[in-house]
Every structure is written in C-alpha cells, then in structure tokens.
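Read in order, the letters of the sequence shown are residues 0 to 206 in our numbering.
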Amino acid sequence: MVFSAVPVQAAETIYVPSKWTGILYSSKDKEFPTGNGKKNTTYLADVATAKVSNLKSSRPSVATLRKSVHDNRTPLYVTAKKAGTTNLSVKINSKTYKIMVTVKKYKNPISSIKIGNTTIKGTKFKTRSNYTLKYSKFANKKVKLSMKMAKGWKLQQILYTDKNQMPMDTYVANHRSFKVTGGKGSSICAYVVNKTTGVEETIQIFF
C-alpha cells in the first residue's frame, strides 16, 4: 500500500506592532509623505484576508485605525489627527491586538539642500515637509545633490521618482550627481531619523 503525503499549509504569522509613533505633517504640504490616499495616513500592518473587526481608538481625536482589502490581503492603516497618545485595538480572527500610538508634530530636520546651483534654505522646511522647484530649469540635466541635516537628525536614504517610470524609484547618494528626468511632478524623497528619539520623517522636493 502506498501512502502519499498531504502537504499541510502552515498558518500565517500575524504581526501587529504593540507600539507605533507617527508624524503629523502640515496641511500645507503639497502631498503627504505617508500617502495611501488619505491625509497623514500610514501603513501599519498587513495580514492575509481574514476576519478583521472591532477597530477601536481610545482617543479618536488623536488617531484612528482603518482597514482595506487588496489582492487577498487586509492592510491596516493609522490616520494621525493631532499630537498626543491613544490606544488602538483590532480583532483579527479570534485574537485582539493592542497598539500604543504616539503622534508627534512635524519638526524641521533640514539645515539646507543644494541641487545644482540652487540652494534651498532650511527655513523653507520650518512648517512643511516639501518644496517645489521648476522642472524646466533642471530637465534632463545632471546635477549634484547636497543635503545637510539639522542638528540631531540623520539622513537614512534618498530616492528619486521619475514620474514616467512610476512606481520605480532610483537611489540617489548624498553629495553625488543624478539626472533629473520624468517630467513635472518627479521628485526626490529623503528619509530621515531623529538620533535621540528615533522618530522618522520624510522630506520631498518636487520638480
């Protein structure tokens, strides 16, 4: 008698962070770095399509939790509304997950940015996280990017988004040259972190 092995599919490990810190960006920003189609909304976790229910916030005025369904997955998003703390909770299948959320106001991490011969003063980022340059001035030119951080901040990574090749991004090294392509709306996206608090922010330069 021959027995054939029947594969057993392991249950997916569900990970939902117990703590999360987010940034409240200015309403004046051209786009919100966290994106996802809603102001100040950030991806939190992603699980296979399951029974996701009872999404709650102890202080909805600070932050709320929402879900969506995409390609047989159920992403969870946090929407920051004002600085403060709140406790979020969500039930996935039969288990309830709790997340302690802290929302902090955006703080300027930039001392100065130089692109080619154009210098952008750090004061331009005092209340907002992005700045727009004229694309025609830089179109198809190779220019050097130099980004200087404010005291206490560290640059993690810089990506360039060519509008004609979205969603692909190209890595750009600080103090090195890159070519401006893609048309109006292409952008530089810099990911930075506060060396003391560990809080991360995103800075954008649009062309």
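Glycine included, C-beta positions come from ideal geometry on N, C-alpha and C.
1. Could you give the DSSP three-state label for Y25: helix, strand or coil?
2. Tell me the DSSP secondary structure of Q203 in three-state form.
3. Which runs of the beta strand (DSSP E) fall wholly inside the stretch 60 to 91 and span at least 3 residues, in chain order?
4. Quick check: K147 and V192, are their CB atoms within less than 7 angstroms of each other?
5. Tell me whether the beta-carbon of K114 lies closer than 7 angstroms to the beta-carbon of F124.
6. How would you call Y14, buried or exposed, if buried means at least 16 neighbouring beta carbons within 10 angstroms?
7. One question on the structure: do A62 and V100 come within less than 7 angstroms of each other, judged by their Cβ atoms?
8. Can you tell me whether V102 is buried or exposed, with buried defined as 16 or more other CB within 10 angstroms of its CB?
9. Just verifying my parser: in three-state terms, what is the DSSP assignment at T195?
10. Among the candidates N173, G181, K150, whose CA atom is the shortest distance from the CA of Q164?
11. Just the Cα atoms here: how many angstroms apart are L54 and V142?
12. Determine, using beta carbons only, whether F207 and L132 come nearer to each other than 7 angstroms.
13. Ignoring anything shorter than 4 residues, give me the alpha helix (DSSP H) runs that lie fully in the stretch 89 to 171, in order along the chain.
14. Quick check: the Cα distance between L144 and S26, rounded to an integer number of angstroms?
Let me lay it out:
1. The residue labelled residue 25 in the question sits at position 26 within the sequence shown. According to the sequence as given, residue 25 is Ser; it is not Tyr. The answer is coil: DSSP assigns S25 none of H, G, I, E or B.
2. Within the sequence shown, the letter at position 204 stands for residue 203. Strand, per DSSP.
3. 62 to 66, 72 to 79, 83 to 91
4. Along the sequence shown, read from residue 1 onward, the residue named residue 147 stands at position 148. Along the sequence shown, read from residue 1 onward, the residue named residue 192 stands at position 193. Not closer than 7 angstroms, so no.
5. As a first step, residue 114 must be located in the sequence shown, where it is residue number 115. As a first step, residue 124 must be located in the sequence shown, where it is residue number 125. It is Ile, not Lys, that sits at residue 114 in the sequence shown. No, they are not a contact pair.
6. For the purposes of this step, residue 14 is taken as residue 15 along the sequence shown, with counting starting at 1. So Y14 ends up on the exposed side.
7. What you label residue 62 is simply residue 63 of the sequence shown in a count that begins at 1. What you label residue 100 is simply residue 101 of the sequence shown in a count that begins at 1. A contact, by the Cβ cut-off of 7 angstroms.
8. Working through the sequence shown from its first residue, we reach residue 102 at position 103. V102 should be labelled buried.
9. The sequence position of residue 195 within the sequence shown is 196, counting from 1. T195 falls in the coil class under three-state DSSP.
10. Sequence index remark: in the sequence shown, residue 164 carries index 165 (1-based). Checking every option, the nearest Cα to that of Q164 belongs to G181.
11. If you number the sequence shown from 1, residue 54 lands on position 55. If you number the sequence shown from 1, residue 142 lands on position 143. Their Cα atoms are separated by approximately 47 angstroms.
12. Missing from the structure shown is residue 207; the chain here goes from 0 to 206 and no further.
13. 134 to 137
14. The residue labelled residue 144 in the question sits at position 145 within the sequence shown. The residue labelled residue 26 in the question sits at position 27 within the sequence shown. C-alpha separation (whole angstroms): 27 angstroms.
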